[in-house]
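Numbering (the working numbering), first residue to last: 1 to 256.
Using N, Cα and C, we set each Cβ at its ideal position, and we do this for glycine too.
From a predicted model like this one, the values you see are computed outputs, not experimental measurements.
Working notes for the structure below.
Structure below.
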């Protein structure tokens, strides 16, 4: 068995709370990593002070939210990735999460797919040189992200095959993919070499992992059995007042 690690998304779990409180609570829960969405809208000095004070690592953050399915946005997307690489080096993370943009209703889907692949091929050399992995994110359109382009994991994995770079993979969000397609274990097992990061939340509701239909201890056991040694980002909005209690319980699911 290999070491699968939890990471807490402070933007959702600690929404509206200070970096210091978030990082202290994560450490007290027995978890050693955090992640977040945008780096460009944060006081990175304050964030790093809180992170280092509590001896945490930053497992991932996002690139700028610029469409990959529209070639007209390509230059801005590339510039956003370049800036995000600089931020990642500062923060000490080697995972960048990228959304791909919304469907363009007036353009054939095949053309949008091709634009996505071409854009990723263009940023691949930047990522390879920086030794940073970019992970593209499928999202569910039925509940949370109506109009989003990339919904199913099979298309995401196909894109990774077409781009053909070791530094571009998929972030497999277990919550989103349960809504969009189910068949979680087989989809993960069959494509683990194309997955660079995971996200997790309870379904329905996107709350604590203990609430809902997904048997997370079993899912994590199955991921661990593949040999994956990266992070599972806990990206949910808490129902429970004592956030630390649920985090401690989930942390225990990662102990081998």
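{"Query": "Reduced DSSP category for residue 1 - H, G, I as helix; E, B as strand; rest coil", "Result": "Caution applies to residue 1, whose pLDDT of 43 falls short of 50 and renders its modelled position unreliable; the value that the coordinates give is listed next. Residue 1: coil per DSSP, three-state reduction."}
{"Query": "Pairwise C-alpha distance: residue 256 and residue 1", "Result": "The predicted position of residue 1 is uncertain, since its pLDDT is 43 and thus under 50; a value taken from the coordinates is nonetheless stated next. If I take the Cα positions, the gap works out to 8 Å."}
{"Query": "C-beta atoms of residue 7 and residue 231 nearer than 8 Å", "Result": "yes"}
{"Query": "Reduced DSSP category for residue 71 - H, G, I as helix; E, B as strand; rest coil", "Result": "helix"}
{"Query": "For residue 233, the first and last residue of its enclosing beta strand (DSSP E)", "Result": "231-234"}
{"Query": "Beta-bridge pairing of residue 60 - partner residues as DSSP gives them", "Result": "35"}
{"Query": "Own chain residues within Cβ distance below 7 Å of residue 56, not counting five before or after", "Result": "23, 26, 27, 32, 33, 34"}
{"Query": "Closest Cα partner of residue 120 within the set 51, 101, 168, 243", "Result": "168"}
{"Query": "Opening and closing residue of the beta strand (DSSP E) in which residue 198 lies", "Result": "195-200"}
{"Query": "Helix, strand or coil at residue 241 [DSSP, three-state]", "Result": "coil"}
{"Query": "Top-ranked residue by Cα proximity to residue 215, from 178, 10, 163", "Result": "178"}
{"Query": "Contact under 8 Å by Cβ, residue 126 with residue 82", "Result": "yes"}
{"Query": "Under the three-state DSSP convention, the category residue 125 falls into", "Result": "helix"}
{"Query": "Inter-residue Cα distance where the pair is residue 17 and residue 10", "Result": "9 Å"}
{"Query": "Outcome for residue 63 when other beta-carbon atoms lying within 10 angstroms are tallied against a minimum of 16", "Result": "buried"}
{"Query": "Distance between beta carbons of residue 151 and residue 101, contact taken as under 8 Å", "Result": "12 Å between Cβ atoms; not a contact."}
{"Query": "Classification of residue 176 by the beta-carbon crowding that lies within 10 angstroms, buried from 16 upward", "Result": "buried"}
{"Query": "Cβ distance (whole Å) where residue 166 is taken to contact residue 132 below 8 Å", "Result": "In fact, because the Cβ distance is near 11 Å, the residues do not count as touching under 8 Å."}
{"Query": "C-beta atoms of residue 245 and residue 207 nearer than 8 Å", "Result": "no"}
{"Query": "Spatially closest choice to residue 172 from 155, 254, 128, 162, by CA coordinates", "Result": "155"}
{"Query": "Span separating the alpha-carbon of residue 30 from that of residue 67", "Result": "37 Å"}
{"Query": "Proximity of residue 195 and residue 185 at Cβ, strictly below 8 Å", "Result": "no"}
{"Query": "Simplified DSSP state of residue 133, which is helix, strand or coil", "Result": "strand"}
{"Query": "Check whether residue 122 and residue 192 have beta carbons under 8 Å apart", "Result": "no"}
{"Query": "4-residue-minimum alpha helix (DSSP H) runs that sit fully inside the stretch 91-176, ordered along the chain", "Result": "109-130, 153-163"}
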